[in-house]
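Q: Structure in structure tokens, see below.
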Ligand code: SAH
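Numbering (my numbering), first residue to last: 538 to 756.
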């Protein structure tokens with residue numbers, strides 16, 4: 538008998554296509570659109586939210602955290618201008634969705650993600666494995682420190698808001714590499730920076746709303 542609570546892959550891929558078609562005018566790079574088309578967001582959201590998985594909206598994922606809206610994942614992915622094979626550091630794995638989108642472009646084994654909450658990290662690993670991205674490396678820890686053992690990275694991004702770009706993240710990105718992060722406390726903006734030999738070229742983009750970064754300097 539047809540069970541309406543079971544996920545129907547055909548419905549979901551149609552819903553995902555519609556979502557990407559709607560977002561497309563705001564997406565610059567075809568790699569970004571293709572990645573969003575490929576990652577089954579419904580697998581990454583809680584069962585109770587699956588009906589909303591292909592709406593362009595943030596959703597709660599437990600531990601007081603949220604999965605970002607698809608347009609925000611798209612904008613950050615565009616801004617990082619990722620190429621296949623680039624080594625990428627993500628701070629804030631959450632449910633693993635954004636890491637999967639990045640993995641679609643650079644390759645799963647090139648994605649290194651740090652999550653503060655152990656239970657979310659565990660959930661993210663399971664979600665990533667379910668969709669074939671088990672080579673994404675997920676570590677529990679405080680992203681303020683970056684991932685020194687895997688540095689340098691070609692690009693890095695934060696999915697939680699910090700008052701300023703953490704120094705260790707800047708240090709761990711190669712010259713010429715890009716960093717995208719929501720920066721600010723009450724009011725946040727998406728900051729996109731390119732590391733140069735003399736410092737950082739910074740651009741401030743539109744207002745955004747992310748959960749605050751926890752840990753050392755931001756508690
Ligand atoms: N990219 C995620 C969005 C996660 S929301 C997704 O696609 O689902 C932001 C995440 O940052 C939360 O899971 C939160 O626990 C995590 N976070 C907050 N402070 C952190 C820190 N200092 N280090 C690592 N992760 C942190």
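All C-beta atoms in this analysis are idealised placements derived from N, C-alpha and C, irrespective of residue type, glycine included.
Relative to the C-alpha of residue 683, which residue among 579, 600 and 648 is closest?
A: 648
Q: Comparing alpha-carbon positions, which option in 583, 679, 692 and 660 lies nearest residue 633?
A: For the residues 583, 679, 692 and 660, the minimum Cα distance to residue 633 belongs to 660.
Q: DSSP three-state label for residue 590, please.
A: Looking at residue 590 - three-state DSSP - the assignment turns out to be coil, as it is neither helix nor strand.
Q: State the start and end residues of the unbroken beta strand (DSSP E) segment that holds residue 729.
A: 725-733
Q: Starting from residue 634, follow the alpha helix (DSSP H) in both directions and report where the run begins and ends.
A: 634-643
Q: Looking at the unbroken alpha helix (DSSP H) that takes in residue 674, where does it start and where does it end?
A: Per DSSP, residue 674 belongs to no alpha helix (DSSP H); it is in the beta strand (DSSP E), 674-677.
Q: Can you give, in chain order, each stretch of the beta strand (DSSP E) that sits fully within the stretch 683-712 and has at least 3 residues?
A: 690-695
Q: By Cβ distance, which residues of its chain are closer than 8 angstroms to residue 538, with the 5 residues on each side in sequence left out?
A: Since pLDDT at residue 538 reaches only 39, below the 50 mark, its modelled position is unreliable, and the value read off the structure follows with that caveat. Taken in chain order, the list of residues that qualify is empty.
Q: How many whole angstroms separate the CB atoms of residue 715 and residue 696, which I take to be in contact at a CB cut-off of 8 angstroms?
A: With 8 angstroms as the limit, residue 715 and residue 696 do not qualify as a contact, their Cβ atoms being about 15 angstroms apart.
Q: Measure the alpha-carbon distance for residue 587 versus residue 703 and round it to whole angstroms.
A: 34 angstroms
Q: Going by the C-beta, is residue 721 closer than 7 angstroms to any heavy atom of ligand 1?
A: For residue 721, the distance from the CB to the nearest heavy atom of ligand 1 is not below 7 angstroms.
Q: Output needed for residue 639: all residues of its chain with C-beta closer than 6 angstroms, excluding positions within five of it in sequence on either side, in chain order.
A: 625 and 648, listed in sequence order.
Q: Who are residue 736's beta bridge partners in DSSP?
A: 733
Q: In angstroms, rounded to a whole number, what distance separates the CA positions of residue 741 and residue 657?
A: 30 angstroms
Q: Please report the residue range of the beta strand (DSSP E) in which residue 616 lies.
A: Residue 616 -> not in any beta strand (DSSP E); alpha helix (DSSP H) instead, spanning 607-617.
Q: What residue does the beta strand (DSSP E) around residue 603 start on, and which one ends it?
A: 602-604
Q: Let me know if residue 655 comes out buried or exposed under the rule of 16 or more other beta-carbons within 10 Å of its beta-carbon.
A: Residue environment: residue 655 is assigned as exposed (fewer than 16 neighbouring CB atoms within 10 Å of its CB, all protein chains considered).
Q: Output needed for residue 575: all residues of its chain with C-beta closer than 7 angstroms, excluding positions within five of it in sequence on either side, in chain order.
A: These residues qualify, in order along the chain: 641.
Q: Determine the extent of the alpha helix (DSSP H) in which residue 796 is found, giving its start and end residues.
A: With the chain covering 538 to 756 only, the question about residue 796 has no answer from this structure.
Q: Let me know if residue 712 comes out buried or exposed under the rule of 16 or more other beta-carbons within 10 Å of its beta-carbon.
A: exposed
Q: As a quick exercise: from 744, 667, 699 and 729, pick the residue whose alpha carbon is nearest that of residue 738.
A: 729
Q: Measure the C-alpha to C-alpha separation of residue 644 and residue 700 and round it to an integer number of angstroms.
A: 30 angstroms
Q: How many whole angstroms separate the CB atoms of residue 573 and residue 621, which I take to be in contact at a CB cut-off of 8 angstroms?
A: Incorrect: roughly 16 angstroms between the Cβ atoms, too far for contact.
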